[in-house]
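Okay, structure first, notes after.
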Amino acid sequence: MACTCEVIGLACVVALILSVSAKAPYQMRMFFVFFGAGAIVMLCVPFMMLRPRDYRNALVPSWCFRQLCKLMGITMEVRGLENVRAGHGSVVIMNHQSALDLCVLSYLWPVIGRGTVVAKKEILYLPFFGFGAWLWGTLYINRSRKTDSINSLQKEAKAIQERNCKLLLFPEGTRNSKDTLLPFKKGSFHIALQSKCPIQPVVISKYAFMDDEKKTFRPGHALIQILPEISTEKYEKDDIQQLIDDCRSIMQAEYTKLSKEGLALSSKKQS
Numbered sequence: 001m002a003c004t005c006e007v008i009g010l011a012c013v014v015a016l017i018l019s020v021s022a023k024a025p026y027q028m029r030m031f032f033v034f035f036g037a038g039a040i041v042m043l044c045v046p047f048m049m050l051r052p053r054d055y056r057n058a059l060v061p062s063w064c065f066r067q068l069c070k071l072m073g074i075t076m077e078v079r080g081l082e083n084v085r086a087g088h089g090s091v092v093i094m095n096h097q098s099a100l101d102l103c104v105l106s107y108l109w110p111v112i113g114r115g116t117v118v119a120k121k122e123i124l125y126l127p128f129f130g131f132g133a134w135l136w137g138t139l140y141i142n143r144s145r146k147t148d149s150i151n152s153l154q155k156e157a158k159a160i161q162e163r164n165c166k167l168l169l170f171p172e173g174t175r176n177s178k179d180t181l182l183p184f185k186k187g188s189f190h191i192a193l194q195s196k197c198p199i200q201p202v203v204i205s206k207y208a209f210m211d212d213e214k215k216t217f218r219p220g221h222a223l224i225q226i227l228p229e230i231s232t233e234k235y236e237k238d239d240i241q242q243l244i245d246d247c248r249s250i251m252q253a254e255y256t257k258l259s260k261e262g263l264a265l266s267s268k269k270q271s
């Protein structure tokens, strides 16, 4: 118990230092993101094991991670809550920028509904965090084996229908911090068409306060916009590319607009 308190105390001290120092090294801040996430989940795992694979297991870690990000000077604002429909399942698609997307998920989890995240299998092996994520229902897929991925996602499509789950995916497939979204992969849209559920786009403004290439990471603010659902009723399997293009076009327009506003807010916060 004493050891646990010491770890928490040390984490708070380091977070305070990082939040005060805007020029703290990029590597140190990123390390703290991973260290903090792992420590939070480690403390919550014993309680989460009482109800494994339940999305509610992520509510307490999400709250803790939001506080951790605030200590580091990173804040986020969720907009469009009126667009969330709790009465049915959906495929939630988001743009993917960096490991800091964990913070985005921590803001979305309490408001999006019965959330389930799809992640690459390698994350399962991250100390504490991987197992904790499994306990709150994360679906791990082996990208190198297409058959495994399809079978897993078919099960999740069934869960959307039967349990009104919100399946959260990153259709770009990899991290992207540029001004233009990458081409979307088809997996998310196959699930939506197969389960006959709507698609809910969620757009996160560009992280103007961090740059993975230049290795800079300062305090800042990001915007999370939940857009209205896009019905898949008028699309058939043969129309999947049209559905992808329609969703990407909507998200790109919102991403461009949000990023301009987010840049202004982050600049104001750093000044």
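Once you know that position 89 of the sequence shown is 89 in the UniProt record's numbering, the rest is easy, because the numbers rise by one and skip nothing.
A virtual CB, placed ideally from N, CA and C, is assigned to each residue, including glycine.
Check this for me: beta carbons of Arg79 and Ser106, under 8 Å apart or not?
At a Cβ-Cβ threshold of 8 Å, Arg79 and Ser106 do not count as neighbours.
Quick one: residues in its chain with C-beta nearer than 8 Å to the C-beta of Ser98, no 5 flanking neighbours on either side, listed in chain order?
Excluding its 5 nearest sequence neighbours in each direction, Ser98 has C-beta neighbours in its own chain below 8 Å: Arg175, Ser177, Tyr207, Met210 and Asp212, listed in chain order.
In the DSSP assignment, find the beta strand (DSSP E) that holds Glu254 and state where it starts and stops.
Boundaries around Glu254 are those of the alpha helix (DSSP H), Ile240 to Gln270, since no beta strand (DSSP E) includes it.
Separation of Gln154 from Arg218, as counted between CA atoms
The straight-line gap from Cα to Cα measures roughly 40 Å.
Going by beta carbon distance, what residues of the same chain come within less than 8 Å of Gln270, once the five residues before and after it are set aside?
Excluding residues within five positions, the ones whose Cβ falls inside 8 Å are Ala22, Phe209, Arg218, Pro219 and Gly220.
Let me check one thing: in DSSP terms, what residues is Met94 bridge-paired to?
Per DSSP, Val202.
Entirely within the region 50 to 101 and at least 3 residues each: give me those beta strand (DSSP E) ranges in chain order.
Here the runs fully enclosed are 74 to 79 and 90 to 94.
Is Cys197 helix, strand or coil by DSSP?
The answer is coil: DSSP assigns Cys197 none of H, G, I, E or B.
Spatial neighbours of Leu135 within its chain, please: CB distance less than 6 Å, with the 5 preceding and 5 following residues excluded, ordered by chain position.
Excluding positions up to five away in sequence, the list reads Met48, Pro52 and Asn57.
Should Leu223 go down as buried or exposed, given a rule of 16 or more other Cβ atoms within 10 Å for buried?
Buried is the call here.
Answer yes or no: do Ser188 and Ile112 have a C-beta to C-beta separation smaller than 8 Å?
Against a cut-off of 8 Å, the Cβ pair of Ile112 and Ser188 comes out as no contact.
Taking 8 Å as the threshold (C-beta atoms), are Leu181 and Tyr255 in contact?
Their beta carbons are under 8 Å apart, which means Tyr255 touches Leu181 by this criterion.
Cβ-based neighbour list, Leu258, same chain, cut-off 7 Å, excluding 5 preceding and 5 following
The beta carbon of Leu258 sits closer than 7 Å to the beta carbons of Val203, Ser205, Leu223 and Gln225 from its chain, once the five residues preceding and following it are set aside; these are given in chain order.
Burial state of Ile230 (16 or more Cβ within 10 Å):
The C-beta of Ile230 has 16 or more other C-beta atoms within 10 Å across all chains shown, which makes the residue buried.
Please determine, among His88, Arg163, Asn142 and Pro201, the residue with the shortest C-alpha to C-alpha distance to Asp54.
Here the closest residue by C-alpha is Arg163.
Ala133, buried or exposed, once every other Cβ within 10 Å from all chains shown has been counted against 16:
So Ala133 ends up on the buried side.
Are the Cβ atoms of Val33 and Leu100 separated by less than 8 Å?
Their beta carbons are under 8 Å apart, which means Val33 touches Leu100 by this criterion.
Taking buried to mean at least 16 other C-beta atoms within 10 Å of its own C-beta, is residue 283 buried or exposed?
For residue 283 there is no data in the structure shown, the boundaries of the chain being 1 and 271.
Start-to-end residues for the alpha helix (DSSP H) that takes in Gly38
Run containing Gly38: Tyr26 to Met48, per the alpha helix (DSSP H) assignment.
Applying the 10 Å Cβ sphere with the 16-neighbour rule, what's the burial state of Met76?
Buried, by the Cβ-count rule.
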